[in-house]
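Only one structure is covered here, and it is reproduced in the block below.
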Amino acid sequence: MSNSESSIIQFERATFGFPGIIALKDITLSISAGQFVGVIGPNGSGKTTLCRAVLGLMAPLEGHLHIFDCACDELRCHHRAQIGYLPQKGVVDRNFPVTVLETVMMGRYGALGLLKRPSGKDREIAMEALAHVGMESHRDTALGHLSGGQQQRVFIARALAQQPKVLLLDEPTTGLDITTQHNVIELVQHLHEELKLTVLLITHDINMIRSRVDRLVLLKTRLYASGPPADVLKPDILRQVYGKDLVITDKDLLIVEDYHHHHH
Numbered sequence: 047m048s049n050s051e052s053s054i055i056q057f058e059r060a061t062f063g064f065p066g067i068i069a070l071k072d073i074t075l076s077i078s079a080g081q082f083v084g085v086i087g088p089n090g091s092g093k094t095t096l097c098r099a100v101l102g103l104m105a106p107l108e109g110h111l112h113i114f115d116c117a118c119d120e121l122r123c124h125h126r127a128q129i130g131y132l133p134q135k136g137v138v139d140r141n142f143p144v145t146v147l148e149t150v151m152m153g154r155y156g157a158l159g160l161l162k163r164p165s166g167k168d169r170e171i172a173m174e175a176l177a178h179v180g181m182e183s184h185r186d187t188a189l190g191h192l193s194g195g196q197q198q199r200v201f202i203a204r205a206l207a208q209q210p211k212v213l214l215l216d217e218p219t220t221g222l223d224i225t226t227q228h229n230v231i232e233l234v235q236h237l238h239e240e241l242k243l244t245v246l247l248i249t250h251d252i253n254m255i256r257s258r259v260d261r262l263v264l265l266k267t268r269l270y271a272s273g274p275p276a277d278v279l280k281p282d283i284l285r286q287v288y289g290k291d292l293v294i295t296d297k298d299l300l301i302v303e304d305y306h307h308h309h310h
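Rendered as structure tokens:
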């Protein structure tokens, strides 16, 4: 799979961490342009490190990471603007005086560099991003007055406003009710198809994405499996990673740890 034409993110025997702490070990992984990839694994399995690595915030301790055509051993490389990032959802202060459009315009600053003033064109791009997520009619609404699901759509629009090649979503369904979770994942699937984006979706919710992604990547410090969901979601592979926390029924996989984790 090393045809570098179509591979836009390539880990080659890459190890990440800090002195004395290895977060991801010896990862070899190639992601092609236009793929919809789900990244799964237990809490503390290195999913967040993978995120930071792709964003250029962590250089490999060993091995290499190539993003687009760039060997990113230099941090803060210019490719960052081409990755639209949806961080884990924090709580938005209801009284914080920022509107939906202002929030999405922040995506333009990453693309522009902070010193340039946004233009009418930037505003147009931001409005287009809002249209893609169905939130253009809320452009003047205070961000804090929206529901969690609507806020998540606005944050996705902020990422789209960078006009990225890659959309990187870190646990986009956490803290949302089940219907809203499905709506957010459906939106991501729709954007993937419509905008021909490469999507990396980090999640603990395997059941939510298994029928939608082209490929699953299963991490637990090492790369345990990578491929079509049917190949990765085999009981023997999953037991290695999740151990006794795994319950398999005919229809669903239940990861007990995550269940506890999200229902304290």
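All residue numbers for the sequence shown refer to our numbering, where the first residue is 47 and numbers rise by one. Think of the CB as a built atom: it goes at the ideal place given N, C-alpha and C, for glycine as much as any other residue.
Per-residue burial, residue i [other beta carbons within 10 Å of its own, 16 or more giving buried]
{"i": "residue 276", "result": "exposed"}
{"i": "residue 289", "result": "exposed"}
{"i": "residue 166", "result": "exposed"}
{"i": "residue 236", "result": "exposed"}
{"i": "residue 93", "result": "buried"}
{"i": "residue 228", "result": "exposed"}
{"i": "residue 121", "result": "Confidence is the limiting factor: at residue 121 the pLDDT is only 47, short of 50, which leaves the residue's position unreliable, though a coordinate-based value still follows. Exposed, because fewer than 16 other Cβ atoms sit within 10 Å of the Cβ of residue 121."}
{"i": "residue 311", "result": "The chain is shown from 47 up to 310; residue 311 falls before or after that span and cannot be answered."}
{"i": "residue 293", "result": "exposed"}
{"i": "residue 88", "result": "buried"}
{"i": "residue 251", "result": "buried"}
{"i": "residue 216", "result": "buried"}
{"i": "residue 59", "result": "exposed"}
{"i": "residue 298", "result": "exposed"}
{"i": "residue 126", "result": "buried"}
Whether residue i touches residue j by CB criterion (8 Å)
{"i": "residue 104", "j": "residue 62", "result": "yes"}
{"i": "residue 259", "j": "residue 82", "result": "yes"}
{"i": "residue 91", "j": "residue 266", "result": "yes"}
{"i": "residue 257", "j": "residue 75", "result": "no"}
{"i": "residue 175", "j": "residue 150", "result": "yes"}
{"i": "residue 214", "j": "residue 246", "result": "yes"}
{"i": "residue 67", "j": "residue 100", "result": "no"}
{"i": "residue 223", "j": "residue 190", "result": "no"}
{"i": "residue 205", "j": "residue 155", "result": "no"}
{"i": "residue 172", "j": "residue 207", "result": "yes"}
{"i": "residue 249", "j": "residue 80", "result": "no"}
{"i": "residue 231", "j": "residue 255", "result": "yes"}
{"i": "residue 70", "j": "residue 96", "result": "yes"}
{"i": "residue 200", "j": "residue 233", "result": "no"}
{"i": "residue 226", "j": "residue 194", "result": "yes"}
Reduced DSSP category for residue i - H, G, I as helix; E, B as strand; rest coil
{"i": "residue 58", "result": "strand"}
{"i": "residue 282", "result": "helix"}
{"i": "residue 167", "result": "helix"}
{"i": "residue 152", "result": "helix"}
{"i": "residue 300", "result": "strand"}
{"i": "residue 121", "result": "Note that residue 121 scores a pLDDT of 47, beneath 50, so its modelled location is shaky; the value from the coordinates is reported in the next line. Residue 121 falls in the coil class under three-state DSSP."}
{"i": "residue 63", "result": "strand"}
{"i": "residue 295", "result": "coil"}
{"i": "residue 130", "result": "strand"}
{"i": "residue 290", "result": "helix"}
{"i": "residue 53", "result": "strand"}
Any non-hydrogen atom of the ligand NAP within 7 Å of residue i CB
{"i": "residue 101", "result": "For the structure depicted, the ligand NAP is absent and the ligand set is empty, with no information on it obtainable."}
Cβ-Cβ separation, residue j to residue i (assumed contact under 8 Å), whole Å
{"i": "residue 269", "j": "residue 263", "result": "7 Å"}
{"i": "residue 220", "j": "residue 186", "result": "With a Cβ gap of about 28 Å, residue 220 and residue 186 do not count as contacting."}
{"i": "residue 128", "j": "residue 210", "result": "5 Å"}
{"i": "residue 181", "j": "residue 198", "result": "Contact flag wrong, Cβ pair sits at about 10 Å."}
{"i": "residue 244", "j": "residue 77", "result": "7 Å"}
{"i": "residue 261", "j": "residue 274", "result": "6 Å"}
Q: Within the stretch 172-228, note down every full alpha helix (DSSP H) run reaching 4 residues or more, in order along the chain.
A: Fully enclosed alpha helix (DSSP H) runs of 4 or longer: 194-206.
Q) Where are the alpha helix (DSSP H) runs, 4 residues long or more, that stay fully inside the stretch 74-115, in chain order? A) For the stretch 74-115, whole alpha helix (DSSP H) runs of length 4 or above, ordered along the chain, are 93-100.
Q | Contiguous beta strand (DSSP E) assignments of at least 3 residues, all confined to the stretch 234-282 | A | Runs of the beta strand (DSSP E) inside the stretch 234-282: 244-248, 261-266, 268-273.
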